[in-house]
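Visitor: Please read through the structure below; I'll follow up with questions.
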Amino acid sequence: MRNRLNTSYGILGVCIFLGLWILGYTLGESFIKAKTMDRVVTVKGLAEKEVMADVVLWPIDFKVAGNELSEIYSNLERDNGRIIEFLKENGIENTEITISAPTIEDKMLYQYDNNVAAFRYVATQTVTVYSTKVDKVYTLTNKIGELVKENIALGNSNQYGTTTDYIYTKLNDLKPEMIEMATKNAREVAEKFAKDSNSSLGKIKSANQGQFTITNRDQHNPQIKNVRVVSTIEYYLVD
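First residue of the sequence shown? That's 129 in the numbering used here, and the numbers climb one at a time after it.
Right, here's the structure in full:
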């Protein structure tokens, strides 16, 4: 009976030993794998592309002054007509032109001293061109000064009153290609880092696509745009 108990205890001890050994081995393997998976590298991939704006918004402000409202409206109509004529002569169509209602300022309402304004009324009106003829409009913005020689008082928000917006509307068409470019660039950087650290590049741990930005290439060519995106990717490193 005692021998049988001793045998049972011996078998139990061996089983416990084997169980602890297997558990220790498994935990050790898991720890090694966990430590391996802790090794990561974070890289940024850049993609840039130069594109031409495909839409232009060009507001042309002009002013007239006078002491009689009838005179003001007559002069607005005259200058308005000449500006539209100028645009049509240079290839802009009626459907691309809109005209705002004029705003009229009465200088007498703001006269708080003895200084008398030369003209009681100053009116401002805007003719706006919205077109896909970007190159043509860009040329006209540099040519609009010809109207000043005809005594048309163009606004002064910028030179000749032209605060022109050049817009790129086809970003969605570019996104897949540029995301691929940014991802490829990030991977090349990560592979170089892995090689320099005597490691191999593993799977992606996380990825974050940055915001797309569209800016003017330079201040002199606002119709040429620079599209840019930066992707941040985290890779595992393996031995």
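Beta carbons: idealized from backbone N, C-alpha and C, even for Gly. These numbers were taken from a predicted model, which means no experiment stands behind them.
#1: In the DSSP assignment, the beta strand (DSSP E) including aspartate 346 goes from what residue to what residue?
#2: From valine 332 to valine 169, what does the alpha carbon distance come to, in whole angstroms?
#3: Taking the beta strand (DSSP E) that aspartate 189 belongs to, which residues open and close that run?
#4: Nearest to methionine 180 by CA position, among Val255, Thr260 and Tyr364, is which residue?
#5: Label isoleucine 227 either buried or exposed according to how many other C-beta atoms from any shown protein chain fall within 10 Å of its C-beta, with 16 as the threshold for buried.
#6: Pull up the distance between the alpha-carbon of serine 158 and that of threonine 360, whole angstroms please.
#7: Is threonine 223 helix, strand or coil when you go by DSSP?
#8: What are the start and end residues of each continuous alpha helix (DSSP H) run of 4 or more residues lying completely inside the stretch 297-334, in chain order?
#9: Would you kindly work out how many angstroms separate the C-alpha atoms of threonine 164 and aspartate 367, rounded to a whole number?
#10: How should leucine 237 be labelled, buried or exposed, when 16 other C-beta atoms within 10 angstroms of its C-beta is the threshold for buried?
#11: Among all the DSSP beta bridges, which residues are the ones paired with asparagine 336?
#12: If you follow the beta strand (DSSP E) that leucine 174 is in, where does it begin and where does it stop?
#13: So the candidates are Ile280, Arg210, Lys271 and Leu299; which of them puts its Cα closest to the Cα of glutamine 339?
#14: Quick one: what does DSSP say threonine 341 is sitting in, helix, strand or coil?
#15: Only counting runs of 4 or more residues, tell me where the alpha helix (DSSP H) segments fall wholly within the stretch 241-275, in order along the chain.
#16: Can you tell me which of the three DSSP states isoleucine 211 falls into?
#17: Quick one: using the 10 Å Cβ neighbour count with 16 as the cut-off for buried, is lysine 353 buried or exposed?
#18: In chain order, what residues of the same chain have a beta carbon less than 6 Å from the beta carbon of leucine 268, not counting five sequence neighbours either side?
#19: State the CB to CB distance for the pair methionine 306 and valine 355, rounded to an integer number of angstroms; the pair is presumed to be in contact (CB under 8 Å).
#20: Return helix, strand or coil for lysine 200, following the three-state DSSP convention.
#21: Checking the sheet assignment: what are the DSSP bridge partners for asparagine 354?
Guide: To lay it out plainly:
#1: Unbroken run through aspartate 346: none, as it is neither H nor E.
#2: Going by the sequence as given, residue 332 is isoleucine instead of valine. Each residue's alpha carbon lies about 10 Å from the other.
#3: 183-194
#4: Ranking the options by Cα distance to methionine 180, first place goes to Thr260.
#5: exposed
#6: Residue placement at serine 158 is flagged as unreliable, the pLDDT there being 39, under the threshold of 50; the coordinate-derived value follows with that caveat. Approximately 29 Å, taken between the alpha carbons.
#7: Residue state, collapsed to three classes: helix.
#8: The stretch 297-334 contains these whole alpha helix (DSSP H) runs: 299-324.
#9: The pLDDT assigned to threonine 164 is 48, lower than 50, so where the model puts this residue is not dependable, and the model offers no usable value.
#10: exposed
#11: Thr360
#12: 168-180
#13: Measuring from the Cα of glutamine 339, the nearest candidate turns out to be Leu299.
#14: strand
#15: 262-269
#16: helix
#17: buried
#18: Asn218
#19: 7 Å
#20: Sequence inspection shows isoleucine at residue 200; the lysine mentioned does not correspond to that position. The answer is helix: DSSP assigns isoleucine 200 an H, G or I state.
#21: Glu178 and Thr343
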